[in-house]
Amino acid sequence: MLTSSPANYLESTLGASLLACIFAAVLYWISTRQTYFYYRNFSRDAPLLKVMTGFVWLLETGHMSMVIGAMYELFVIDGGQLAKIMVAPITLCASAFFTAILFLMLSASRDS
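Add 3 to the 1-based position in the sequence shown for our numbering, that's all there is to it.
Written out as structure tokens, the structure reads:
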């Protein structure tokens, strides 16, 4: 029977986390560019739409900062110790909160 070593588990877990963080950063960059171009090109839109766009961007910023904080905790503070990465960092849980707020807000605005 083939068993995986803790080093393999650690490598696959941290590797997947790092790739997810990079992907989230790319998506954040795209949303930041879209927000910038929106405010630059659609200055005559309704104030409520501008406020909602800014709020979405602020939530995205909060999400990205929590993801970066989680990666810092996993890679720097915990130093890749297997016992410590078995529990998700609180900042990673907080990023899920930002995602849930974004999902609910965008779903509600689409239905109206």
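In this text, a Cβ means the ideal position worked out from N, Cα and C, and glycines have one as well.
Just so it is clear, the structure is predicted and the values come from calculations on it, not from any experiment.
{"Query": "Where the alpha helix (DSSP H) containing Gly57 begins and where it ends", "Result": "Pro50 to Tyr75"}
{"Query": "Beta-carbon spacing of Ile93, Leu77 below 8 Å", "Result": "no"}
{"Query": "Cβ pair Leu95, Met69 closer than 8 Å", "Result": "yes"}
{"Query": "Pair within 8 Å by beta-carbon distance, Ser110 and Met55", "Result": "no"}
{"Query": "Rounded distance between the beta-carbons of Ile71 and Cys24, thought under 8 Å", "Result": "7 Å"}
{"Query": "Backbone secondary structure at Ala45 - three-state DSSP", "Result": "Reading off the sequence, residue 45 comes out as Phe, not Ala. Correct three-state label for Phe45: coil."}
{"Query": "Proximal residues to Tyr31 (C-beta, below 7 Å), its chain only, five neighbours per side dropped", "Result": "Glu63 and Met67"}
{"Query": "Backbone CA spacing between Asn44 and Leu51 [nearest angstrom]", "Result": "16 Å"}
{"Query": "Test item: CB-CB of Met74 and Ser34 under 8 Å", "Result": "no"}
{"Query": "Ala27 burial status per 10 Å Cβ neighbour count (16 or more: buried)", "Result": "buried"}
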